[in-house]
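Chemist: One structure follows; several queries about it will come next.
Residue numbers (the numbering used here): 38 to 135.
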């Protein structure tokens, strides 16, 4: 299956004390079966999360979910698969309480 290709950049702006970070930006390239920008838009249209939280949740879930799907035979994910599936169904249905 052809996948979307993304470059994700994470910049550490400051620590909890407000001090500027000296970390270099972290950049990774990932593939995903979904258009993450559309998913972020859908999440931002919900009324149960703020705009930043909705985007962070969408991006985090899509990145994590794709790794889990690509490694579904890895025992690391075995105990979590059922709960993740249930959570995703509830999220897609618009439920706040999976």
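We put the CB at the ideal spot given by N, CA and C, even for glycine. Nothing here was measured: the structure is a model prediction, and the numbers come from that model.
Quick check on DSSP: helix, strand or coil for residue 28?
Modeler: Nothing in the structure corresponds to residue 28, since the chain is present only between 38 and 135.
Chemist: Out of curiosity, what's the CA-to-CA distance linking residue 64 and residue 48?
Modeler: Distance between the alpha carbons of residue 64 and residue 48: 9 Å.
Chemist: Please state the DSSP three-state secondary structure of residue 134.
Modeler: Unreliable placement is indicated for residue 134, whose pLDDT of 49 sits below 50; the coordinate value is still reported in the next sentence. Coil, per DSSP.
Chemist: On a CA-only basis, which of 60, 99, 76 is nearest residue 69? Give me that one, please.
Modeler: Taking only the C-alpha atoms, the option nearest residue 69 is 99.
Chemist: Would you call the CB atoms of residue 67 and residue 45 closer than 8 Å?
Modeler: The answer is yes: Cβ separation under 8 Å.
Chemist: DSSP three-state label for residue 66, please.
Modeler: Residue 66: strand per DSSP, three-state reduction.
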